[in-house]
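Some notes on the structure that comes next.
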Amino acid sequence: MSRADVVGIVGAGTFGTSLAIALARAGREVVIYTKTASVAEAIRTTRRCPRLPGPELPASVAVVTDARALAAAARYVVFAVSSTDAPARLAELGGVIDGSHLVVHAIGALVGDDERVSVLIERATPALRVGVVAGPARPRDLAGGEFGSMVVASRFDEVVRETRRLLNVPPVLRVYGSHDVVGVELASALAGAYTVALGLADGISIGPGPRAVLITRAVAEASRLGEASGGQSKTFAGLAGLGNVLVRSGEEGDPDYELGRALARGEAIGPERFSEGARAALAGVRLARRKDVRMPLLAGLAAVLSGKMSIRDAARLAADTVAAEE
Amino acid sequence: MASDRPVHEARNRLEGFNADRERVLGEVERRVVSRLVARAAAGGDDSLEYVLNDVCVNELKRLGAAHEKTGRWRDLAGRLGSMSSAELEEELRRIVGHFGRDIVGNFDPRVYRFATRVMTPGLGFLMSPLSSLKGGVAGLLRELDSRVQVEGPLEVLRGIAELGTLVVTPTHSSNMDSVVIGLALERAGLPPVTYGAGKNLFTNPFISFFMHNLGAYRVDRRLRFELYKEILKEYSTVLLESGYHSLFFPGGTRCRSNMVERHLKLGLLGTTVTAYANNVRAGQPQRRIYIVPATINYRLVLEAETLIADYLAETGQRRYIITDDEFSRLGRIFEFVRKILVHEGGVVVRFGRPLDPFGNDVDDDGESRDRSGRRIDPRTYLLGGDGEVTADDQRDAEYTRLLGRRLVEVYPRETVFHATHLVARVLYDAVCADAGTRDVYKLLRLPPGKEIPITAVIQGVGALRARIAGDRDAGRLHQRVAAAGDTAVVDDAVRALGSYHSTPVVERRGDALRIGDLELVYYYQNRTAHLPPERKPQPTTTSATARPPGSAAAAAAAAPKEAKA
C-alpha cells in the first residue's frame with residue numbers, strides 16, 4: 000500500500016484509538032504512535048487500549064513506539080494528544096517529520112500562551128501544510144459505529160482534500176471541509192468552556208428557557224471573538240462550536256460537563272482540577288480582553304472558576320449584561 | 000562594518016543576459032501557450048476564444064474608440080468566433096510574443112559599468128558640486144559611499160548569491176528606489192538585479208536610459224487582461240530559474256502613506272515558489288531561490304507631497320499610477336539629490352536575513368531552517384504522498400502567503416529611523432493628545448500653524464528613542480541619531496523638514512516648533528506607525544485624569560513602561 004494512503008495517529012488516547020478503530024473497520028491502513036510502551040504492548044497483545052476499555056482494535060491497526068517509524072510509514076498525521084502534552088510531543092514530532100508531511104490536530108484547546116495549536120505546529124515542526132479537525136464525533140460513537148461528523152479546516156486545499164479522502168468513512172464519520180482554521184480552533188476550544196457552563200447551569204437546574212438563552216448567547220459571543228481574531232463568525236454555529244456544545248453538554252463522564260456540575264454542588268475546585276474547558280474559559284477571557292471583545296458568559300464562568308464570584312452573582316451579572324447588550 | 004568594501008564580489012550574471020534573451024523569450028512563449036492550450040482543452044471558461052476576447056475587450060476599453068491601434072483588436076474580436084483552434088493558437092502565440100517583447104529588458108554591461116562607475120559620480124556631482132570639482136572621481140565615489148548607507152548581513156548575502164538566485168524585496172517609497180538600491184547593491188558587492196519597473200518610468204528622460212540598460216523590464220500596469228499577468232509572471236519565473244538575480248517591490252506601487260508595508264501584492268512573489276519547483280522538477284534542487292528583505296529608509300522622500308495627498312484623498316479617487324509627480328520634474332530630482340543626499344547617510348538601505356520561498360529562515364550556508372532552527376530540505380514542501388513533486392497552485396499560493404507574512408514581520412524590525420521620523424512622530428502625538436483624537440482627517444480640519452514647545456519635543460524624542468532602543472521588533476535608530484543628543488536630533492530634523500518641501504513642514508519659532516504642513520508631519524510620522532500610541536484614547540468619563548492637554552512630555556513619560564509591557 001502507498002504511504003500516501005496510511006493514516007498516522009500520534010497519541011493512543013480515547014480519540015486517537017477510537018478514530019483508529021473506525022478507520023480500520025472501513026479498510027483504512029492506520030498506524031498509531033504512542034510513547035508509552037505499556038500501552039503499545041497492551042494493544043498488541045489484547046487488541047484493546049487501556050485508555051478506551053471496551054472495543055477491540057482491528058488487527059490491521061499497527062502500533063509503534065518510535066516516532067520515526069510513524070513518520071516513515073505515514074505522510075498524513077493526526078496529532079491527538081492532550082493539550083498539556085502538546086508542546087513536548089510536538090517538539091519530538093518536529094525532529095522526525097519533514098515538509099512533505101500533512102499534520103492535522105484534534106486538540107480542542109488553546110495551549111501555552113493562549114495559542115492555537117496549528118500555530119504551535121508551524122513553529123515546532125517543519126510542517127507547513129497543517130490543519131485542525133473538530134466536531135461532535137465522540138470516541139464512543141466512533142468506536143460504537145454511530146453516526147458522527149467532523150469539520151477539517153486548513154488554509155491548504157490539499158490538507159482538506161486528503162483529510163476527506165482518508166478520514167471520511169460514512170456513516171460513522173463524515174468530514175466536512177473549511178478554510179477557517181482560526182474559527183474552528185477557537186470554536187473547538189471554547190465549546191469546552193461552554194460545556195462547563197452548561198454543566199454548571201444544569202447543576203443548579205436553570206430550566207429549558209434560560210438554558211436555550213445560554214446556548215444561543217454563547218454562540219453569539221464566541222462568534223464575536225472568532226471574528227475579531229480573524230475567523231468567520233458563522234464557524235461557531237457549526238460542528239466545531241455549537242455541534243460540540245450540544246453533544247457534550249448532558250454527557251455523563253464528559254470532564255468539562257462534570258466539572259461544571261461539581262462547581263454547582265459548591266465544590267471548591269482549584270486549578271489542579273481544571274478540565275480543558277475550564278482552562279479554555281480563562282484563556283478565552285484573556286483573548287477577549289486583548290481583542291477588546293465583550294464576552295459576559297465566559298467572563299462570568301471565569302470569575303466563578305477563579306473564585307472571584309458566587310455562581311448566583313455571576314449568573315445574574317451575565318444575564319443582565321447579555322440583556323443590556325441586545 | 001557596513002562601510003567596509005566587500006571581501007569578494009558576487010558574480011554579475013546579467014552580463015550574459017543579452018545572449019540569452021531570445022531563449023528566455025522563447026521559453027516564456029512556449030510555456031504560456033502550451034499551458035493555455037492545455038487549459039482550453041480541459042473545457043469550461045478557459046477556451047482560447049475567451050482568453051483572446053478578454054485581451055480584445057480590455058485593449059479596446061483602454062485605448063478608447065478613437066485610437067489608431069483599435070483596428071487590430073476590433074478585427075480580431077470580430078474574427079474570434081469563426082477561427083479554427085489552430086488559428087486561435089497561432090494568434091495566441093503572436094500576442095504572447097508581442098507582449099513578451101514589450102516586457103523584456105536589456106542589459107548592457109557597458110552601461111552598467113558606466114552607471115556604477117560614472118553615473119554614480121554623476122549623481123555625486125549633483126549632490127555636492129563644489130567638492131566634486133576638487134576631489135575628482137575618486138573623491139566623489141568616496142562621498143557617494145557615505146551618502147547611501149548600506150547595512151545588514153552583507154557577507155552572508157554575497158555568499159548565498161553564488162549558491163542560488165537572489166530575489167531582493169525592498170519596501171517601496173519612491174521612484175528613486177531603483178537607483179538607490181542599484182547603488183546599494185554595488186556598494187555591498189552584491190550582483191546587479193533585474194526588476195520590473197512601471198512602464199511610465201521609462202518616459203522619464205533622466206532615468207529611462209539607465210533603466211533600459213540595467214536589466215529593468217517593463218511592467219505596463221494599464222494592461223489589465225489576465226494573459227498579460229500570465230506572461231509577466233512566466234517571464235519572472237524563467238528569469239529566476241535561469242539564475243538572474245531579481246528584485247520585486249512586494250508592496251506593489253510606492254507606499255502612499257509612508258507606513259511600513261503590511262499588505263503585500265503576492266503575484267510576482269509567487270514566482271519564487273514556481274521557479275524553485277521547476278528547478279526541483281528539472282532535477283536541480285540545489286538551485287535555490289533566496290528572498291532577501293530590505294528596507295529603503297529616506298531622511299526625506301522626493302515625492303512625499305504627492306503621495307500623501309493621494310493617500311488622504313477620499314477612497315475611490317486614489318490614483319493607481321501617478322505620472323505627474325515630483326519625479327517627473329527633472330529640476331525637482333536635482334533639488335532633492337542636492338538637499339537630501341547631501342547629508343551623510345541620507346538614505347539607508349538595510350538588508351535583512353534571507354528567507355526561502357516557503358518563508359523559512361536561511362542560514363549562512365544557504366540552507367533552510369524551520370522555525371525551531373532545524374536544517375530542512377525545502378524540496379519536501381513540494382512533495383506529494385509518494386515523494387513525487389506535485390503541481391498545486393493553491394498550495395503554492397499559500398506558501399507565498401506565508402512568505403508574505405514573514406516579510407511583513409521583518410520590515411518593521413529592519414526599519415531605520417531618521418531624525419525626521421522621530422520628530423514628526425513626537426509632533427503628531429502632541430497634536431493628537433491636544434485634540435483628543437488620532438483621526439488624521441479631523442486633525443487636518445483644525446486651524447493650521449500649531450506650535451509645540453521645543454522642550455516638550457526634545458523630551459518626547461528622548462522617550463521615543465528609549466522606547467525604540469528597548470524594543471528589538473520596533474526598528475532601529477539611524478547610527479547618527481543613536482550617537483547624537485536629543486537636542487541635536489530635533490535641530491537636524493527641523494533643518495531637513497524645513498528645507499526641501501514646498502512649504503516648511505516645521506519651523507522654529509522662538510521656544511516652539513510651528514507646524515507648517517500637518518499632512519507631511521503625518522506622512523513622516525507614519526514610518527513609526529507600527530509602534531502603537533503610548534496610550535489608547537480613553538472614553539472621557541474614565542480618563543480625564545491628570546494629563547494636561549498638549550503635553551507631549553506627559554504622553555512620552557509613559558513610553559518606557561509601554562516598551563517593557
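Top to bottom, those sequences are chains A and B.
Numbering-wise (numbering that gives the first Met the number 0), the first sequence opens with residue 0 and increments by one.
Numbering-wise (numbering that gives the first Met the number 0), the second sequence opens with residue 0 and increments by one.
We put the CB at the ideal spot given by N, CA and C, even for glycine.
| Item | Value |
| --- | --- |
| Best match in Gly-195/B, Gly-151/B and Lys-228/B for proximity to Asp-53/B [C-alpha to C-alpha] | Lys-228/B |
| Euclidean distance between Cα positions of Pro-452/B and Arg-494/B | 17 Å |
| Sub-8 Å separation of Arg-30/B and Glu-233/B beta-carbons | yes |
| Asp-291/A (DSSP reduced to helix, strand or coil) | coil |
| Minimum Cβ-Cβ distance from Ser-222/A to chain B less than 8 Å | no |
| Reference Lys-233/A, options Ala-186/A, Val-80/A, Gly-93/A and Tyr-193/A, closest by Cα | Ala-186/A |
| Pick from Glu-91/A, Val-174/A, Ala-192/A and Phe-155/A that is closest to Arg-163/A, judged by C-alpha positions | Val-174/A |
| Cross-strand partners of Tyr-289/B (DSSP beta bridge) | Leu-165/B |
| Beta carbon proximity, Gln-393/B to chain A, threshold 8 Å | yes |
| Contact list for Gly-70/B against chain A, beta-carbon separation under 7 Å | Neighbours of Gly-70/B on chain A: none; closest Cβ ~44 Å, over 7 Å. |
| Short CB-CB distance (under 8 Å) between Glu-184/A and chain B | no |
| Chain A within 8 Å of Ile-288/B, Cβ atoms only | no |
| Min CB distance Ser-82/A to chain E below 8 Å | In the structure shown, chain E does not exist; the protein chains are A and B. |
| Contact belief for Gly-7/A with Ala-105/A at Cβ below 8 Å, rounded distance in angstroms | That belief does not hold up - the Cβ atoms of Gly-7/A and Ala-105/A are roughly 13 Å apart, past 8 Å. |
| Start and end residues, alpha helix (DSSP H) containing Phe-16/B | 16-40 |
| Any non-hydrogen atom of the ligand HEM within 7 Å of Arg-288/A CB | With respect to the ligand HEM, the structure offers nothing, as it holds no ligand at all. |
| Residues that Leu-401/B contacts on chain A, provided the C-beta gap is smaller than 7 Å | Leu-127 |
| Short CB-CB distance (under 8 Å) between Arg-122/A and chain B | yes |
| Beta carbon of Ala-19/A nearer than 8 Å to that of Ala-108/A | no |
| Separation of Leu-263/B from Glu-240/B, as counted between CA atoms | 23 Å |
| Exposure label - Asp-445/B; buried when at least 16 CB within 10 Å | Looking at the sequence itself, residue 445/B is Leu, so the reference to Asp does not match. Flag for Leu-445/B reads exposed. |
| Where Asp-179/A falls, given that 16 or more other Cβ within 10 Å makes a residue buried | buried |
| Against chain B: residues of the segment 83-97 of chain A by CB proximity under 8 Å | Ala-90, Gly-93, Gly-94 and Asp-97 |
| Closer than 8 Å to chain B by CB, Arg-154/A | yes |
| CB contact flag (Leu-91/B, Leu-35/B, <8 Å) | yes |
| Exposure of Gln-285/B, with buried meaning 16 or more beta-carbon neighbours within 10 Å | exposed |
| Interface residues of chain A facing Pro-375/B [CB-CB closer than 8 Å] | Per the sequence shown, the amino acid found at residue 375/B is Ile instead of Pro. Correct list: Asp-97, Gly-98 and Pro-125. |
| Contact set between Leu-382/B and chain A, taken where Cβ atoms lie within less than 7 Å | Ser-99 |
| Bridge-paired residues (DSSP) for Tyr-175/A | Val-150/A |
| Backbone CA spacing between Asp-491/B and Ser-256/B [nearest angstrom] | 23 Å |
| Simplified DSSP assignment, three categories, for His-477/B | coil |
| Cβ pair count under 8 Å reaching 3, the segment 385-399 of chain B against the segment 182-194 of chain B | no |
| Those residues which DSSP pairs with Leu-382/B across a bridge | Val-388/B |
| Cβ-based neighbour list, Thr-168/B, same chain, cut-off 8 Å, excluding 5 preceding and 5 following | Leu-246, Phe-247, Phe-248, Pro-249, Leu-268, Ile-290, Val-291, Pro-292, Ala-293 and Leu-406 |
| Presumed contact (8 Å Cβ cut-off) between Ala-133/A and Gly-147/A, rounded CB distance | About 12 Å; that fails the 8 Å criterion. |
| Proximal residues of chain B, C-beta to C-beta of Arg-74/A below 9 Å | Leu-382, Gly-383, Gly-384, Asp-385 and Gly-386 |
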